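Structure record follows, encoded as structure tokens.
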Amino acid sequence: MGKNLTKRSEDYSKWYNELVVKADLAENSGVRGCMVIKPYGFAIWEKMQAALDKMFKETGHENAYFPLFIPKSYLSKEASHVEGFAKECAVVTHYRLKNAEDGSGIIVDPDAKLEEELIVRPTSETIIWDTYRRWIQSYRDLPLLINQWANVVRWEMRTRLFLRTAEFLWQEGHTAHATEAEAIEEAEKMMRVYAEFAEEHMAVPVIQGVKTESERFAGAIETYCIEALMQDGKALQAGTSHFLGQNFAKAFDVKFANKEGKQEHVWATSWGVSTRLVGALIMSHSDDNGLVLPPKLAPIQVVIVPIYKGMEQLDAISEKVAPLVKELRAKGISVKFDNRDTHKPGFKFNEYELKGVPIRLAIGKRDLENGTYEVARRDTLTKEIVPMDDVVAKIEFLLEDIQKNIYQKAHSFREDNITEVDTYEEFKKVLEEKGGFISAHWDGTKETEEKIKEETKATIRCIPLGTENKEGKCMVTGKLSSKRVLFAKAY
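Numbering follows UniProt numbering, in which position 187 of the sequence shown is assigned residue number 187; successive positions increment by one, without gaps.
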């Protein structure tokens, strides 16, 4: 199985596109802008889902499901929200097809026009807040902490597998609170949950921060985000959490009686991550040989490849491997014994390297005689011979070590690619020659932000949280600035 992958240094974008297809993660579909997520790619998403779902439930959230269709009138109730999504909406206008009278095929029945058009959900704030009006009456009904796993549609013309597709899978949390402080605390907490997931499970270091006003979610008062840096020096927004104030509560008249019996509008948050995270995972760690997956999210953590001549040798190897497979599975380690006789060991080695399986064990006639396995790790491409009695402990150690090593490598890369600049000339030079995050002073105005974006294609990724405020002068206008912000070109 020759990989023939384009090298990252030659064409990073082409490398990514080829890798997604060759590693069997996803492919383009018959519907323009929509992807087919193949079993191996979906298995990664399922692992992400399982870890996130556990974290959501541990923080008091419950799952529910809301309609795919949203009446058009709902969207128009929150002005800035509709403005933000209007250009990306898919609209259902009719509910029936019929055969054309001239026999030319199927046509939309003109008599089956909907009284009110339905929008295929681009996000669910409006339909959910219409529902919350019925669910919330009293302070006893709060906080309401709901999450939904669903698909959404945002009409995209320029698409890329996992990173930008017209339909994608995601989760969206929607919460209601009695006070402003509780809602802000929730929005910040979910940003931290996302950061923990990115760093602990995806092994992707992220910077936590807030968006500028022009980069905020449509209808939000504050947008919190986690930003990651890809190997080509571009940033990727890996998750967002929004403090929505009382905007949606007022738009949909969601009130509650407080402890004094007085009617008040509730306070809201929403937060989400999508299958875009699979793209982030690929671009953060993978190399010119294929995927490099962190063990916590790898569908197959250990693969065992037998090297044999004839069925007798395969039977002897299978007998030796069976108890190891059983022991590893009992420890919660996902393992595959690839005893296909349709492919040679070399093909299999290549295949699992391409698919990013963290640990590969090979066992042949000589290993059987010596009581050993050849153990290879995907992240460093190193191999060693390990006695059979020690192999389980070795695998357990390697799974942890690979997870740590992948994170450390990505963290070092990010730290090496955060550059502080003080002048606009220096900013442009670093952006073109080095890329990465650029830390610079900005005067806080939309005009300056827009000028930088127009002239350089770089945007303010976030105003980082947890960093000290050091005053300085805006690199463009020379006006006073209270702290540095992070710029980058982004996906």
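The C-beta atom is built at its ideal place from N, Cα and C for all residues, glycine as well.
Computed from a predicted model, the values in this text were never measured in an experiment.
| query | If you compare alpha carbons, which of Glu172, Asp367 and Val303 is closest to Ile317? | reply | Closest by alpha carbon: Asp367.
| message | Does Trp442 pass the burial test, meaning 16 or more other C-beta atoms within 10 Å, or should it be called exposed? | response | buried
| message | Please state the DSSP three-state secondary structure of Met1. | response | Any reading at Met1 must be qualified, since the residue scores a pLDDT of 49, below 50, and its modelled position is unreliable; the value itself is stated next. Met1 falls in the coil class under three-state DSSP.
| What's the gap between the Cα of Lys365 and the Cα of Val386? | 15 Å
| Helix, strand or coil: which one does DSSP assign to Asp287? | strand
| request: For Asn469, write down the residues that DSSP places opposite it in a beta bridge. | output: Answer by DSSP bridge pairing: none, since Asn469 is not bridged.
| Helix, strand or coil at residue 530 according to DSSP, with G and I counted as helix | The question about residue 530 has no answer here: the residues shown for the chain are numbered 1 through 491.
| Local conformation of Phe42 per DSSP, three classes | helix
| request: With DSSP as the reference, label Glu101 as helix, strand or coil. | output: coil
| task | Go through the stretch 40–119 residue by residue and report every complete run of the alpha helix (DSSP H) that reaches 4 residues or more, in order. | result | Taken in chain order, the whole alpha helix (DSSP H) runs of length 4 or more contained in the stretch 40–119 are 72–75 and 79–85.
| Where does Leu399 land, buried or exposed, given buried means 16+ other C-beta within 10 angstroms? | buried
| query | Beta carbon of Lys428, beta carbon of Thr459: below 9 Å? | reply | no
| task | Tell whether a beta-carbon distance below 9 Å holds between Trp223 and Lys234. | result | The amino acid occupying residue 223 in the given sequence is Thr; Trp does not appear at that position. Inclusion of Thr223 and Lys234 in the CB contact set at 9 Å is not warranted, their separation being larger than that value.
| Cβ shell of Glu296 (< 7 Å), same chain only, five flanking positions each side left out | Rather than Glu, the amino acid found at residue 296 in this sequence is Lys. Excluding residues within five positions, the ones whose Cβ falls inside 7 Å are His201 and Gln403.
| field | Cut-off 6 Å between Cβ atoms - residues of its own chain near Met1, not counting five sequence neighbours on either side | value | Only weak support is given to the placement of Met1: the predicted model assigns it a pLDDT of 49, under 50, and the question is left unresolved by the model.
| Residue range of the beta strand (DSSP E) that Lys255 falls in? | Lys255 to Ala257
| request: Kindly list the residues whose CB is nearer than 7 Å to the CB of Thr477, restricted to its own chain and excluding five residues on each side of it in sequence; keep chain order. | output: Excluding residues within five positions, the ones whose Cβ falls inside 7 Å are Asp443 and Thr448.
| query | Residues in its own chain within less than 8 Å of Ala440 by CB, not counting five upstream and five downstream? | reply | Glu420, Val421, Asp422, Phe427, Met475, Arg484, Val485 and Phe487
| Nonlocal neighbours in the same chain, by C-beta distance under 8 Å from Asp341, ignoring five residues either side | Around Asp341: Leu314.
| Taking the DSSP output, what are the residues bridged to Trp149? | Bridge partners of Trp149: Gln171.
| query | Thr165: buried (16+ other C-beta within 10 angstroms of its C-beta) or exposed? | reply | buried
| Between the CA atoms of Ala330 and Val254 - distance to the nearest angstrom | Taking the straight line from one Cα to the other gives about 49 Å.
| request: Kindly indicate the opening and closing residues of the alpha helix (DSSP H) around Asn247. | output: Asn247 to Ala251
| query | Taking the beta strand (DSSP E) that Gln263 falls in, what are its first and last residues? | reply | Gln263 to His265
| So, helix, strand or coil for His411, using DSSP? | In the structure shown, the three-state DSSP call for His411 is helix.
| DSSP three-state assignment for Tyr308, whether helix, strand or coil | coil
| query | Would DSSP call Asn28 helix, strand or coil? | reply | strand
| query | Where does Gln137 land, buried or exposed, given buried means 16+ other C-beta within 10 angstroms? | reply | Gln137 is exposed by the Cβ-count criterion.
| request: Throw me the rounded Cβ distance for the Glu117 and Gly219 pair, which I believe falls under 8 Å. | output: The pair is not a contact, with the Cβ atoms about 21 Å apart (cut-off 8 Å).
| message | Tell me the rounded alpha-carbon separation between Pro103 and Glu27. | response | According to the sequence as given, residue 103 is Gly; it is not Pro. Each residue's Cα considered, the two are about 35 Å apart.
| query | Quick one: what's got a C-beta closer than 8 Å to Pro67's C-beta in the same chain, skipping five residues either side? | reply | Here the set comprises Arg121 and Ile127.
| query | Does the distance from the CB of Asp130 to the CB of Phe256 come in under 9 Å? | reply | no
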